[in-house]
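Below is one structure, written out as structure tokens, with a few remarks after it.
Number of protein chains: 2
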Amino acid sequence: MATKGEITKERLLTEAALIIRRKGFTATSVSDLIAATGVKKGSLYFHFPSKDELGLAVLERSRDKFMEFFENALTAETPGECLSKFFDAVVSIHSKSGFVGGCIFGNTALEMSDADKRFAEFVDRLFAAMTTRLESVIAAAQEYGQVRADLPADTLAQQIVMTLEGGIMLARLRKDETPLRLGFDTLKVFLELES
Amino acid sequence: MATKGEITKERLLTEAALIIRRKGFTATSVSDLIAATGVKKGSLYFHFPSKDELGLAVLERSRDKFMEFFENALTAETPGECLSKFFDAVVSIHSKSGFVGGCIFGNTALEMSDADKRFAEFVDRLFAAMTTRLESVIAAAQEYGQVRADLPADTLAQQIVMTLEGGIMLARLRKDETPLRLGFDTLKVFLELES
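Those protein sequences? They're chains A and B, same order as listed. Just so it is clear: in the first sequence, position 67 is 67 by our numbering, and no numbers are missing. Just so it is clear: in the second sequence, position 124 is 124 by our numbering, and no numbers are missing.
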């Protein structure tokens, strides 16, 4: 059973993730977190000695949740279907949130890249892991003849990550899934994806 | 000749653009600006009654500068060459800054999309204008047989904007032009661009 302390920590991480995704790390204040959770200031600082540590813990937690989502989305009969299912899952999860908040990793990349190395390195490693995982699916799809084979799998994987981040940016600005959906549909044509 | 007031306003806009691009809008304080410019607080508030107004003025100025850069980059003998030249110019300008700061419009998109409608609308309009301009070049390149014609010009234009923003994000995280350069090179293959 979770202890009282664990429950408090969990609540802080969940609320902080929601607020940071929407407002950004810098604009999120300790008072915001106290107001949202009812957790006392002393208790907050007991679990997270600084706002930076809380921010990095939120990123770690978001990474674990994203990786779970990612592996679920990449489960299908053929590698080509895995890619299609992943594109659909990304559009669907962001549509459900009304395109509020966007991608916490992309947001952190643009907000913190030049401000704090630890945040930049975290997000860089996450995108690298994502690219490597997509690369393995693409390589398998190339073997199956479901994706063009004249370009390296890692190059195509990186193109997916860029389209994903650029697409979420445009969809979030317009609060409309069209740019992201169209981005993936066009990418499917570019990849010559059969699924 | 510029008045003293105009010179002060100009200096404020130039410095604010540099700091906001690097640190983000929220993390940029009035004290940062005073320290960077030596302009007195009263004078700053005379020119820009609020931080929001300064931020929007910085975006307008960045838009004007970007549009000038954009039109220069899009000047070449054939539409296909215009596209290649534009890709090279984007990599070059960001390499020169050491991939510090990235794209102020993309940064603002992710930082302010859900926080302030005026900022979101500004960036959305800018990306729309950029897409429309690229669309006209692509349509001409399609006429010339320099770009694949089986996908609509506006769809391809939007794909360029997404790759650009996603590519700048990755290059900025790694302080390395490779992701952006590779993104454009791959896009050229996808577009079947001949220039």
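Where is the CB? At the ideal position from N, CA and C, for every residue including glycine.
Item                                                                                                                                                          : Value
Should the region 135-154 of chain B be called in touch with the region 175-187 of chain B, which here means at least 3 C-beta pairs below 8 Å?               : no
Taking any Cβ of chain A, which residues in the region 84-96 of chain B have a Cβ under 8 Å from it, in chain order?                                          : none
Which runs of the alpha helix (DSSP H) fall wholly inside the region 104-142 of chain A and span at least 4 residues, in chain order?                         : 104-112
Less than 8 Å between CB atoms is the rule here; does Gln158/A satisfy it with respect to chain B?                                                            : yes
Would Asn72/B count as contacting chain A if we go by Cβ distances under 8 Å?                                                                                 : no
Can you list, in chain order, the residues of its chain whose CB lies under 6 Å from that of Phe122/B, leaving out five sequence neighbours each side?        : Leu59
When the Cα of Arg161/A is compared with those of Glu6/A, Leu33/A, Leu126/A, Ile34/A, which residue comes out closest?                                        : One point to set straight first is that residue 161/A is Val, not Arg, in the sequence displayed. Residue Leu126/A is the option with its Cα nearest to Val161/A.
For the candidate residues Thr163/A, Glu6/A, Lys9/A, Ala17/A, whose alpha-carbon lies nearest to that of Thr108/A?                                            : Ala17/A
How far does the alpha helix (DSSP H) with Ser50/A in it extend, from its first residue to its last?                                                          : Unbroken run through Ser50/A: none, as it is neither H nor E.
Could you list the residues in the region 171-183 of chain A with a C-beta less than 8 Å from some C-beta on chain B, going in chain order?                   : Arg172, Leu173, Arg174, Pro179, Leu182, Gly183
Give the interface partners of Arg22/A over in chain B, defined as CB-CB distance under 7 Å, in chain order.                                                  : Asp114
Of all the CB atoms in chain B, is at least one closer than 8 Å to the CB of Thr163/A?                                                                        : yes
By the three-class DSSP mapping on this structure, what secondary structure does Met162/A have?                                                               : helix
Given a threshold of 16 other Cβ atoms within 10 Å of its Cβ, counted over all protein chains shown, does Asp150/A qualify as buried or as exposed?           : exposed
Take the Cβ of Ser97/B as the centre, count every other Cβ of all protein chains shown within 10 Å, and call the residue buried at 16 or more, exposed below. : exposed
Determine the direct distance from the alpha carbon of Ala76/B to that of Phe85/B, and round the result to whole angstroms.                                   : Note on residue identity: the sequence assigns Lys, not Phe, to residue 85/B. Cα-Cα distance, rounded: 8 Å.
Using a Cβ-Cβ cut-off of 8 Å, state whether Met67/B counts as contacting chain A.                                                                             : no
Have a look at Glu143/B and Leu187/B and give me their C-alpha separation to the nearest angstrom.                                                            : 19 Å
Going along chain A, which residues have a C-beta under 8 Å from Gly55/B?                                                                                     : Those within 8 Å of Gly55/B in chain A number zero; the least Cβ separation is about 13 Å.
With H, G and I counted as helix, E and B as strand and the rest as coil, what does DSSP make of Pro152/A?                                                    : coil
Grab me the residues of Ala141/A's own chain with a C-beta within less than 6 Å of its C-beta, minus the 5 sequence neighbours each way, in chain order.      : Pro79, Gly80, Val147
Would you check if the distance between the CB atom of Gly106/B and the CB atom of Ile7/B is smaller than 8 Å?                                                : no
Just the Cα atoms here: how many angstroms apart are Thr163/B and Gly101/B?                                                                                   : 17 Å
Mind checking which residues open and close the alpha helix (DSSP H) that includes Val91/A?                                                                   : 79-96
Rounding to the nearest angstrom, what Cα-Cα distance links Thr155/B and Met130/B in this structure?                                                          : 13 Å
Nearest to Gly42/A by alpha carbon, out of Pro152/A, Thr3/A, Val30/A, Ala36/A?                                                                                : Val30/A
Output the boundary residues of the alpha helix (DSSP H) element that contains Gly5/B.                                                                        : 4-23
Which residues, in order along the region 33-59 of chain B, keep a beta-carbon less than 8 Å from a beta-carbon of chain A?                                   : none
So Gly101/A contacts chain B; which residues on that side make the cut at Cβ distance below 7 Å?                                                              : Asp114
Give the residues from the region 103-134 of chain A that approach chain B closer than 8 Å (Cβ to any Cβ), ordered along the chain.                           : Gly106, Asn107, Ala109, Leu110, Glu111, Ser113, Asp114, Ala115, Ala120, Val123, Asp124, Phe127
What do you reckon, are the CB atoms on Thr28/A and Arg11/A nearer than 8 Å?                                                                                  : no
If we cut at 8 Å on Cβ distances, does Val201/A have a partner in chain B?                                                                                    : Since the first and last residues shown for chain A are 1 and 195, residue 201/A lies out of range.
Could you give the C-beta distance for Ile104/A and Ser50/A, rounded to a whole number, given that I count them as a contact under 8 Å?                       : About 19 Å; that fails the 8 Å criterion.
What's the gap between the Cα of Ala57/B and the Cα of Pro152/A?                                                                                              : 44 Å
Does the separation of the CB atoms of Ser95/A and Glu165/A fall below 8 Å?                                                                                   : no
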